[in-house]
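Offset between the sequence shown (1-based) and our numbering: plus 866. Note that CB positions come from ideal geometry on N, CA and C, so glycine has one too. Working notes, beginning with the structure itself.
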Amino acid sequence: MVLQSLPTSSGWRLFKIEGQLDFTGVPTVQTALCYVANRDACNLLIDLEDIRMADEKGLSGLVGAVRRVLSEHPRMRVAFVAPQEWLADGLARGDYSADIAVYHDGEEALKSISATVPQKAA
Numbered sequence: 867m868v869l870q871s872l873p874t875s876s877g878w879r880l881f882k883i884e885g886q887l888d889f890t891g892v893p894t895v896q897t898a899l900c901y902v903a904n905r906d907a908c909n910l911l912i913d914l915e916d917i918r919m920a921d922e923k924g925l926s927g928l929v930g931a932v933r934r935v936l937s938e939h940p941r942m943r944v945a946f947v948a949p950q951e952w953l954a955d956g957l958a959r960g961d962y963s964a965d966i967a968v969y970h971d972g973e974e975a976l977k978s979i980s981a982t983v984p985q986k987a988a
């Protein structure tokens, strides 16, 4: 598994997960996501386009980490890029404290978030 965090020109931070999203990597993903959210306090675009393998534990761990981030930063906005239908469906049913957008490709996501006024999270 590879994790990357990069700023975007739209005021969002890209958090990219590559490779596997499974029970073995969940603690690393949770820790890294919380670290990025606490360090930058900016909106997050979580990119799962390069996930080759995922399981239910990985998905639920990611959903749990996003819930935690949103509870600690209620003004933060989060969006996902998830081209795999089952992964997108699972993320959309996450029961978050805020509206979450799920996009099927990165281009669609960047166009959508670029069209909105950047909002700095608290």
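- Secondary structure of LEU914 (DSSP, three-state): coil.
- Straight through space, the alpha carbons of ILE912 and GLN896 are spaced by roughly 12 Å.
- When the Cα atoms are used, TRP952 and ASP906 turn out to be separated by approximately 30 Å.
- Taking a 10 Å sphere around the C-beta of SER876, we find 16 or more other C-beta atoms and assign the residue as buried.
- Across the structure, GLY885 and LYS923 are spaced so that their CA atoms are roughly 15 Å apart.
- Residues VAL929 of the same chain have their beta carbon placed closer than 6 Å to that of GLY960, with the five preceding and five following residues left out of the count.
- Excluding sequence positions up to five before and after MET867, its CB lies within less than 6 Å of the CB of GLY885, GLN886 and GLY891, all in the same chain and listed in chain order.
- Residue range 892 to 906 is occupied by the alpha helix (DSSP H) that includes TYR901.
- ALA967: member of the beta strand (DSSP E) spanning 967 to 969, first to last residue.
- In the three-state reduction of the DSSP assignment, SER926 falls in the helix class.
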